[in-house]
Amino acid sequence: MFKQSFFLVLLIISLFSGVLFLSSCYPSSPYAPGYNELPGFVGGTIGLAVNVLDGAPPSVIQDYGLTPFSFVISLENAGEALVGPGTDNPLILARLAGIPHKNFGLTQESAAQVLDHVLEPAKRNFDDSITPGEISYISFDNLVYKPDVFESLALTIRAEVCYDYETYATAQFCMKKDVFDSFQDASICTLKGYKPVGNSGAPLHITAVWEAPINEKTVQLNFVIEHLANGVFFYRSAYTDLWDACVIDDMNPDIYKIEVFVEPVQDNAYSLDCFRLDNPLPGGGVSGSVRMYRGAPITINCFLTRQTSTNVRIYQDLINIKLRYRYAEFLDVPILVQGHP
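Shown next as structure tokens:
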């Protein structure tokens, strides 16, 4: 009870001071002014790079079923999460939307397909070179435009891609044997201010981590989660069919909601208490689900308390943050249907 009251008081104080700090210092750029990137990740703001293959579909077709064609979507795993069946990110699906399916010889079921194999991620090697992620394709074949067109008809076919993905981030923080023992001493590290952080290639990032001393064994760590790409993200709930996953609608209870996992690299060395993250993890971490209102950035406030004694006066340590979500994006492809002679 005492611990809960203690952290409640700390949280109220930190939220007030954090709002003042971030409102005065947070820049127009998505990254904090003191942002220092930890090396090791490929980085970037793309999970799966989605494209439509040149010529598939063709820009012009004939009506009355005279021009069979294919619509081919290429998927490159440009980020650093392993995706596909049997992984922690199993769903990769593509849908053709924005058209009457029966006009193109499709049903609602045949207009949605899933990728049935794994896409390996990109990775940074020890020599700092980058190995690209795996590329695969989802193809909708034997399409035709069945109706009879009087002259010509301009249409747009929307390719929707929905996939499970994760962001991996690592942040550095400072710890002392006694946090209040010359906390401004920066000979090794400082207990106050922005901290280095690295992000894997993914559409959601940790764009700021800020530390402050609280008591002799506790520091506060605030981190900002931000969406840096052009798609829409969702909580991974169960779905009834492939059209029920990734419903882009503000009434969808899963939209703009993600899972967050925060874990110190050293097991059982620290305890974590984070606002909105109520599920304990083995080793001292916590997890939970948070909603980012209309996709706007959100700040998570945590208190990290050292659980073990140490003879080291001052040192740096690491904390891992994982974001888990479902992601959707689309491409609009124009196509001209010409009337047959």
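When you number the sequence shown by my numbering, it's gap-free, plus one each residue, and the end is 337.
The C-beta atom is built at its ideal place from N, Cα and C for all residues, glycine as well.
As assigned by DSSP and simplified to three states, the class of residue i
| i | result |
| --- | --- |
| F37 | coil |
| H336 | coil |
| R290 | helix |
| G284 | strand |
| F176 | coil |
| L191 | A small fix is needed here, since residue 191 is Lys in this sequence, not Leu. If DSSP states are grouped into helix, strand and coil, K191 belongs with coil. |
| S70 | strand |
| V308 | coil |
| S55 | coil |
| A265 | coil |
| M247 | coil |
| L78 | coil |
Cut-off 7 angstroms between Cβ atoms - residues of its own chain near residue i, not counting five sequence neighbours on either side
| i | result |
| --- | --- |
| V46 | I69, L71, V157, E325, L327 |
| D144 | D59, Y60 |
| S233 | D250 |
| N73 | L44, V79, L115, E116, P117, A118, G129, E130 |
| R120 | G36, F37, V38, I126 |
| N195 | F37, G39, T163, A165, H201, I202 |
Own chain, CB closer than 6 angstroms to residue i, minus 5 neighbours either side, in chain order
| i | result |
| --- | --- |
| F257 | S283, K318 |
| L300 | V215, L217, Y266, L268 |
| T306 | K173 |
Straight-line gap, residue i to residue j (C-alpha atoms, nearest Å)
| i | j | result |
| --- | --- | --- |
| D274 | R287 | 14 angstroms |
| A124 | V38 | The sequence given here has Asp at residue 124, not Ala. Distance between the alpha carbons of D124 and V38 is about 9 angstroms. |
| E259 | P276 | 10 angstroms |
| Q109 | A198 | 23 angstroms |
| D237 | S66 | 23 angstroms |
| G189 | E207 | 5 angstroms |
| D240 | T214 | 44 angstroms |
| S25 | A292 | With a pLDDT of 49 at S25, under the threshold of 50, the modelled position of this residue cannot be trusted; read the value that follows with caution. The alpha-carbon atoms of S25 and A292 are separated by roughly 14 angstroms. |
| F229 | L89 | 14 angstroms |
Beta-carbon spacing of residue i, residue j below 8 angstroms
| i | j | result |
| --- | --- | --- |
| T152 | V329 | yes |
| I254 | R302 | no |
| N297 | F271 | yes |
| I331 | I134 | no |
Contact set for residue i: own chain, Cβ-Cβ below 8 angstroms, skip 5 residues either direction
| i | result |
| --- | --- |
| I310 | C170, M171, K172, K173, D181, S183, I184, C185 |
| N138 | P64, S66, G101 |
- [ ] Output the residue ranges of the beta strand (DSSP E) runs that lie fully inside the region 96 to 141 and measure 3 residues or longer, sorted by chain position.
- [x] For the region 96 to 141, the full-length beta strand (DSSP E) segments reaching 3 residues or more read 108 to 110, 131 to 139 along the chain.
Open item on the list: Just to confirm the assignment: which complete beta strand (DSSP E) runs, minimum length 3, are found wholly within the region 194 to 241?
Closed with: Listed in chain order, they are 200 to 211, 214 to 223, 228 to 230.
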